[in-house]
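Engineer: Numbering (our numbering), first residue to last: 100 to 936.
Note that the Cβ used here is the ideal one computed from N, Cα and C, for glycine as well.
Everything numeric in this text was worked out from a predicted model, so none of it was measured.
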């Protein structure tokens, strides 16, 4: 068998996946492994090899499930109390400074950590913090919380994988106090000192150049805290984002540099390999033991050991060996995007790129070595030997005018460059096509320019890594300038390609299509290996890829029903309205307000929260995007929705002439989105329902800045039922609706201003008489919403309260006769491959 470890890897992975959905007990799995192992031995003794193989693979499936059960994460520790508290801990990751804030990690208990973010005032500086120092903090502590929408990123789980179970916010340097004593281990202290020294060296070499400093820290050390989202967006769009994160490419560049250095220093091959392997593991330590770097270092180690002992080196077999080791040690990695993307990329290179190159240019590349040695000709295939002879004749011709070494270099060097570019193009194309499915599933992107962008960015970034490390070690400013110059060229290449890149966003494919494409890729890999059925398998892959990109799946809506979905966006508002005839509209898009001296979180709710939920429901276009008013917690994500879903109309109340509106209106103009200004008195049919505009008044004139009084208030009616959507309307606005006799009955009330006491008066509730009250707000928010008085008013009238901070996504549907209510919290415990709403 050519790659004997691939089947065991697949079996172990299948067992880990199975354990996600079947509640196995460890004892059951141990018995199954022992019984199947015994059956395999008996079958082998009876020379029934096929039966023995099947028993062995089945035993490995249950062994994989056993690993998953044995290493299943337990319940996170509980910190009592949360909120404003004084905590003490041990610094395990020193601070990383970034524009008015610093972040570090402390151990509060053994392997139970808090991620601390300190917001500094002008001129403030933290006391010097190093690994192993004990600190006391006045902090607001809370457990990490996910946006509770189907398919949302598991941020709490991501932090828990790093043993981080709390986040702490500290205001001002005075709230951080260094305590006497030390903690931690000497080894980790030494590694931390090396990491901090490297980061400080980069900061000093690129002082006053925040882009270069942040990029170099991310590329070389894996520290991304200082990266601005706008800096990496073009890399993400063009499919070159892998060049900015610690990955196998960085390890390969570092290993190539060390091997080259050892070679020019005439170091023996065995010692050179050992030094290179040690250097890659040292690099993994300095970068914080990040999983992609560790996996790459392990793979390189196995590859180098095989090469040293002249074993046949199979990239797929090495990949399988590394995969087995990592999955047995940490089964949860199977469900991480970085693990899947890195292993699939190497697997596609081994399955498709290597055979293609071996059939085309690889023999010719080998033929270029030691051109003068005619004895090598006999060990080559006829085509490669003929090519080698032609190249030697060409070099002999040039020797009539040039020295022998120069003549051979002029012949071989251009050929090597051509073959290298061809090989890089093949690898890039294979990886782009192979990773299309996970890229669409995770990031909803289809890259077109990635093929040519990677041809330039990959070698440029390889040089950036090599020169960057030379600059760190030597402190040479001119080497640092050279690395920065190469980084500048990489940025220019990416921005040029980004300008050509069509901004396609694609919903995740349905399960049947993902399974079909995966099966077609496996069939194509087998066809390439066995050289049979390659045309049919390739055609099937391209047809299924086209279906993934085109996504011929209708939006997940209920025909003939009006639906209101309150999307969990934290402390903000965002709603999806699906109308009976299929029209789709969002009302508000969430966002984060930024106060004086503050800094916005590195998240765009429109791009990172609302859009993924819409894509999960197979929504590619919106008919309208409505904005109640221009406060950041309502309109902050609207620009992303306009870009991603190209709505026909943008609905708004009369907008103030402010920077927020100019930005949004400019985005709408670039996307040819018609702006529709709504005022009281307008009533029209839309999507099979009826919409009535209740506020603002027809003569309302907004001020120079956004205000709650600007809020667009809509009543949407279908059949017997009505939804009342109030934005952030306050008491004065409610009184105006009461005076105008517009606050009529509504079955569902969107509670205004997130449950503030300034809204939802008793008189307004008595007029509306809702059955359900929707409150969109963030968990443990600083404002204390919803206010207890508001909850008392709702409870006194028997109104059922549905809150996004507790229930997550809330969906209310009506067919005109009945109401149906569902929430993410109510479905959280239901099993299934997908948490489908």
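Under DSSP, the alpha helix (DSSP H) around residue 528 begins and ends at which residues?
Structural biologist: Note, residue 528: alpha helix (DSSP H), 503-533.
Engineer: Taking 8 Å as the cut-off, decide whether the C-beta atoms of residue 847 and residue 911 are in contact.
Structural biologist: Their beta carbons are under 8 Å apart, which means residue 847 touches residue 911 by this criterion.
Engineer: Rounded to whole angstroms, how far is the Cβ of residue 414 from the Cβ of residue 453, which I believe are closer than 8 Å?
Structural biologist: At roughly 6 Å, the Cβ-Cβ gap stays under 8 Å, so residue 414 and residue 453 are in contact.
Engineer: Could you please give me the residues that DSSP links to residue 749 through a beta bridge?
Structural biologist: Residue 749 pairs with 724 and 774.
Engineer: Using the beta-carbon count (16 or more within 10 Å), is residue 807 buried or exposed?
Structural biologist: Result: buried.
Engineer: Using a Cβ-Cβ cutoff of less than 8 Å, which residues in the same chain neighbour residue 929 once the five nearest sequence positions on both sides are dropped?
Structural biologist: Residue confidence is low: residue 929 scores 45 on pLDDT, short of 50, so the model does not pin down where it sits. No coordinate-derived value is stated.
Engineer: Identify whether residue 279 lies in helix, strand or coil by the three-state DSSP scheme.
Structural biologist: If DSSP states are grouped into helix, strand and coil, residue 279 belongs with the strands.
Engineer: Here's the rule I'm using: 16 or more other beta-carbon atoms within 10 Å means buried, otherwise exposed. How should residue 765 be labelled?
Structural biologist: Exposed, since its Cβ has fewer than 16 Cβ neighbours within 10 Å.
Engineer: Between residue 559 and residue 589, what straight-line distance do the alpha-carbon atoms span, to the nearest angstrom?
Structural biologist: Approximately 6 Å between the Cα atoms of the pair.
Engineer: Could you tell me which residues DSSP pairs with residue 662 in its beta bridges?
Structural biologist: Answer is 677 and 912.
Engineer: Going by beta carbon distance, what residues of the same chain come within less than 6 Å of residue 281, once the five residues before and after it are set aside?
Structural biologist: So the qualifying residues of the chain are 231.
Engineer: Please confirm if the region 857-875 is in contact with the region 831-839, defined as three or more CB-CB distances below 8 Å between the two stretches.
Structural biologist: A contact exists between the region 857-875 and the region 831-839.
Engineer: Bridge partners for residue 379 per DSSP, in chain order?
Structural biologist: DSSP output for residue 379 lists no bridge partner at all.
Engineer: Whole angstroms is fine: what's the gap from residue 276's alpha carbon to residue 187's?
Structural biologist: Going from the Cα of residue 276 to the Cα of residue 187 covers about 9 Å.
Engineer: May I have the straight-line CA-CA distance separating residue 141 from residue 105, to the nearest angstrom?
Structural biologist: If I take the Cα positions, the gap works out to 24 Å.
Engineer: Can you tell me whether residue 166 is buried or exposed, with buried defined as 16 or more other CB within 10 angstroms of its CB?
Structural biologist: With 16 or more other Cβ atoms within 10 Å, it is buried.
Engineer: If residue 337 sits next to residue 593, beta carbons under 8 Å apart, how far is it from one beta carbon to the other, in whole angstroms?
Structural biologist: At roughly 6 Å, the Cβ-Cβ gap stays under 8 Å, so residue 337 and residue 593 are in contact.
Engineer: In this structure, how does DSSP classify residue 799 when only helix, strand and coil are distinguished?
Structural biologist: Residue state, collapsed to three classes: coil.
Engineer: Taking the alpha carbon of residue 154 as the point to measure from, which residue in 163, 818 and 136 has its own alpha carbon closest?
Structural biologist: When each option's Cα is compared against that of residue 154, the closest is 136.
Engineer: Would DSSP call residue 707 helix, strand or coil?
Structural biologist: Of the three classes helix, strand and coil, the one that applies to residue 707 here is helix, per DSSP.
Engineer: Which stretch, first to last residue, makes up the alpha helix (DSSP H) that contains residue 833?
Structural biologist: Note, residue 833: alpha helix (DSSP H), 830-838.
Engineer: Give me the Cα-Cα distance between residue 524 and residue 482, rounded to the nearest whole angstrom.
Structural biologist: Looking at the two C-alpha atoms, the distance is approximately 23 Å.
Engineer: Sort 751, 614, 368 and 635 by Cα distance to residue 623 and report the nearest one.
Structural biologist: Among 751, 614, 368 and 635, the Cα nearest to that of residue 623 is on 635.
Engineer: Between which two residues does the alpha helix (DSSP H) containing residue 65 stretch?
Structural biologist: The chain is shown only over 100 to 936; residue 65 falls outside these bounds and no answer can be derived.
Engineer: Are three or more beta carbon pairs between the region 382-395 and the region 430-447 nearer than 8 Å?
Structural biologist: The region 382-395 is in contact with the region 430-447.
Engineer: What separation, rounded to the nearest whole angstrom, lies between the Cα atoms of residue 932 and residue 363?
Structural biologist: The pLDDT assigned to residue 932 is 31, lower than 50, so where the model puts this residue is not dependable; a value taken from the coordinates is nonetheless given after this. Roughly 54 Å separates the two Cα atoms.
Engineer: Note down, in chain order, each residue of its chain lying with its Cβ closer than 6 Å to the Cβ of residue 462, except the 5 sequence neighbours on either side.
Structural biologist: Correct list, in chain order: 480 and 483.
Engineer: Quick check on the burial criterion: 16 or more other C-beta atoms within 10 angstroms. Buried or exposed for residue 546?
Structural biologist: Buried is the call here.
Engineer: Would you list the residues sitting across from residue 684 in a DSSP beta bridge?
Structural biologist: Its beta-bridge partners are 676 and 723.
Engineer: Closest to residue 853 by CA distance: which of 882, 597 and 843 is it?
Structural biologist: Closest by alpha carbon: 882.
Engineer: Go through its chain and collect everything with a Cβ distance to residue 673's Cβ below 6 Å, but skip five positions before and after it.
Structural biologist: The residues are 666, 687, 688, 689 and 709.
Engineer: Using three-state DSSP, classify residue 587 as helix, strand or coil.
Structural biologist: If DSSP states are grouped into helix, strand and coil, residue 587 belongs with the helices.
Engineer: Look at the alpha carbon of residue 103 and the alpha carbon of residue 621, and state the distance between them as a whole number of angstroms.
Structural biologist: Roughly 16 Å separates the two Cα atoms.
Engineer: What are the residues that DSSP puts in a beta bridge with residue 919?
Structural biologist: DSSP, once it has assigned bridges, lists 912 as partnering residue 919.
Engineer: For residue 496, which residues of its own chain have a beta-carbon under 7 Å away from its beta-carbon, when the five flanking residues on both sides are left out?
Structural biologist: Excluding positions up to five away in sequence, the list is empty.
Engineer: Comparing C-alpha positions only, which one of 777, 821 and 819 sits nearest to residue 800?
Structural biologist: Closest by alpha carbon: 777.
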